[in-house]
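Presented below is the structure to which this report refers.
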Amino acid sequence: MTRFLTFLFLIVMMSCSAKEEKEEVMVPKSKIEFSYTIDTVRIDAGETKPYLGMNLTMADYSAQEGLLYNLEPETGRVEVIDVEKQKLLRLIQYDMRGRNSIKEYYPSGIKKTVLGETFFRDFYVIHRMDSARKKIETYKLDNNSLKGDRLPYETTIDGSGEIASDGTYYAGFYGNFNPKGQILGIAKVRFSDKSMKLIPIDFWDQLKEYTITVNHSIGRRSSSTEMKFLTLNGPDFILSTSASNELWYYMSEIDSVVHRSYHSMITSDKKSGEYKKEVTTHATFEYWAQRKNQEITFGPLVKDPDSQRFYRYSRELDQSNPESARYVYVLTVFNEKLEQIHEEKLRNRISILGKYFAGKTFVHKGMIYSYINLNDEMAFLRLKPDFSE
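Position 84, counted from 1, in the sequence shown is what this note's numbering calls 84; the numbers after and before it change by one each time, with no gaps.
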């Protein structure tokens, strides 16, 4: 009887899990006439020294307002930047102590919703604030505080995930984040009823094959890992990585994950993985990490909320002349169905990834803004695409 109940439980669990399908996307010959212009814009911050840490990854762009909200985590200060006017509009100071504090551990990101509320990511918790900077609610990302699916033993939810633009849910990676741990998929936390849904996605075994690790003599380990990205699309989300030309698209309506692989006519479709994975000296580690960095690297997907297109930058060492240390930079365009509709070899260098973080990238009025640091000033490389049939 016990065996029968165990078997029945497994069947039920399998039927409740999100289904995953794999698709090989054939890219049709593009009929799109595409051109672009690129320029650089500086943000006038006046006498204020803007916070430029972590490549602005803690900031949030509000498409509805055309404003960039940039969080300084140590002080709780938020810089409000008018993207169109290219200037700092005002500073907002949030409490770091007391009943309306945005800090329990360490603030790591801000989200301004279309309803005017502001969310702050804070390691394992999320603070929800009203327009008067009063705290509405604090959500804890753990089994004790959430109902629904249960996190497996020794797993947690990554607190640096994404919050939906309408403020209805949070999505972040879940798994064991220790050096030899496994990332299991995406946790989706709905704020209205504090419920959690776990969506397993089988991508980690593939991604960790590109990790290079140095074992120091004093017992420490350092790793050169690939990046994983999460892009929200209404109630759905898209998982992609820096290592391969593919994505995992979760559709909430049918509770299903579609795994799509794409092909580029300009660059490689994935890193080779042909390098040492375990080394014992820092010099050897730097050598192989640099070799890996010269291979194809994909940036995160960014969405244009007006056209519903998605954009992604990538780069690779120019294979026609590997000794020149010159890179090929590519912009890939996807439609609202995540079908690849165009790729363009760019004339300009694009800053795709930093050493530890992908730089802040967003689309404002059809133009792609990518953060750059110009002599400790906030600036953006701005690409304006032009489409015609």
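Positions of the beta carbon are idealized from the N, C-alpha and C atoms, including for glycine.
Inset, instruction - Would you list, in sequence order, the uninterrupted beta strand (DSSP E) runs of no fewer than 3 residues that lie entirely inside the region 110 to 171? - result: DSSP runs (the beta strand (DSSP E)) wholly in the region 110 to 171: 118 to 122, 125 to 129, 135 to 140.
Inset, instruction - Using beta-carbon positions only, say whether Gln-86 and Arg-133 come within less than 8 Å of one another. - result: Taking 8 Å as the Cβ cut-off, Gln-86 and Arg-133 do not qualify as a contacting pair.
Inset, instruction - For Asp-122, collect the residues of the same chain with a Cβ closer than 8 Å to its Cβ; drop the 5 residues on either side in sequence, then sort them by chain order. - result: Contacts found: Ile-102, Lys-103, Glu-104, Tyr-105, Tyr-106, Pro-107, Ser-108, Gly-159.
Inset, instruction - Could you spell out the range, first to last residue, of the alpha helix (DSSP H) harbouring Phe-285? - result: Note, Phe-285: alpha helix (DSSP H), 282 to 293.
Legend entry - Which of helix, strand or coil DSSP assigns to Tyr-313: Correct three-state label for Tyr-313: strand.
Legend entry - According to DSSP, residues forming a beta bridge with Val-78: DSSP lists Leu-71, Ile-92 as the beta-bridge partner residues of Val-78.
Inset, instruction - Report the rounded CA-to-CA distance for Met-58 versus Arg-97, giving the unit in angstroms. - result: Between Met-58 and Arg-97, the C-alpha separation is close to 20 Å.
Legend entry - Asp-386: first and last residue of the uninterrupted beta strand (DSSP E) it sits in: Counting along the chain, Asp-386 sits inside the beta strand (DSSP E) bounded by residues 377 to 388.
Legend entry - Endpoints, the alpha helix (DSSP H) within which Asp-205 is located: Annotation for Asp-205: the continuous alpha helix (DSSP H) segment containing it runs 204 to 207.
Legend entry - C-alpha gap between Val-263 and Ala-45, whole angstroms: Reading off the sequence, residue 263 comes out as His, not Val. Here the C-alpha atom of His-263 lies approximately 42 Å from the C-alpha atom of Ala-45.
Legend entry - Residue of Tyr-313, Met-378, Asn-373, Ser-223 minimising C-alpha distance to Arg-347: Nearest of Tyr-313, Met-378, Asn-373, Ser-223 to Arg-347, Cα basis: Tyr-313.
Inset, instruction - Using only alpha-carbon positions, find the residue among Gln-308, Met-378, Ile-32 that is nearest to Asp-82. - result: Out of Gln-308, Met-378, Ile-32, Met-378 has the C-alpha closest to the C-alpha of Asp-82.
Legend entry - Cβ contact check for the region 211 to 227 and the region 236 to 254: 3 or more pairs under 8 Å: Taking 8 Å as the limit for Cβ pairs, the verdict is that the region 236 to 254 does touch the region 211 to 227.
Inset, instruction - Report the three-state DSSP secondary structure of Phe-4 (helix, strand or coil). - result: Reliability fails at Phe-4, whose pLDDT of 38 lies under 50, so the model's placement of it is uncertain and no value is given.
Legend entry - Contact the region 185 to 203 vs the region 276 to 293: 3+ CB pairs below 8 Å: They do not touch, by the three-pair rule.
Inset, instruction - Would you identify the three-state DSSP class for Glu-323, choosing helix, strand or coil? - result: Reduced to three states, the DSSP call for Glu-323 is helix.
Inset, instruction - Give me the Cα-Cα distance between Arg-349 and Asp-142, rounded to the nearest whole angstrom. - result: Rounded to the nearest whole angstrom, the C-alpha separation of Arg-349 and Asp-142 is 42 Å.
Inset, instruction - Could you check if Leu-146 is buried or exposed, using at least 16 other CB atoms within 10 Å of its CB as the buried criterion? - result: With 16 or more other Cβ atoms within 10 Å, it is buried.
Legend entry - Rounded C-alpha distance that separates Glu-209 from Ile-157: Answer to the nearest angstrom: the Cα atoms are 22 Å apart.
Inset, instruction - Give the secondary structure of Asn-55 by DSSP, where H, G and I count as helix, E and B as strand, and everything else as coil. - result: Three-state DSSP puts Asn-55 in a helix.
Legend entry - Beta-carbon proximity check, Gln-64 vs Val-114, cutoff 8 Å: Yes; because the gap between Cβ atoms is below 8 Å, this pair is in contact.
Inset, instruction - Going by CA-CA distance only, name the one from Asn-335, Glu-33, Ile-38, Arg-220 that's closest to Ile-368. - result: For Ile-368, the nearest C-alpha among the options comes from Ile-38.
Legend entry - Tyr-210 - DSSP class collapsed to helix/strand/coil: Note: Tyr-210 maps to helix in three-state DSSP.
Legend entry - For Ile-368: DSSP bridge partner residues: Bridge partners of Ile-368: Val-363, Leu-383.
Legend entry - Cβ-based burial, Thr-6 [other Cβ within 10 Å; buried from 16]: Bear in mind that the predicted position of Thr-6 carries a pLDDT of just 40, short of 50, making it unreliable; the figure below should be weighed with that in mind. Answer is exposed; the Cβ neighbour count stays below 16.
Legend entry - Separation of Gly-234 from His-342, as counted between CA atoms: Their Cα atoms are separated by approximately 23 Å.
Inset, instruction - Would you mind sorting Lys-112 into buried or exposed? The rule is 16 or more other CB atoms within 10 Å of its CB. - result: Here Lys-112 is buried, its C-beta having at least 16 other C-beta atoms within 10 Å.
Inset, instruction - Name the two residues that bound the continuous beta strand (DSSP E) containing Asn-233. - result: It spans 228 to 233 - the beta strand (DSSP E) in which Asn-233 sits, taken as one unbroken run.
Legend entry - Distance, Gly-148 Cα to Glu-33 Cα: Approximately 48 Å, taken between the alpha carbons.
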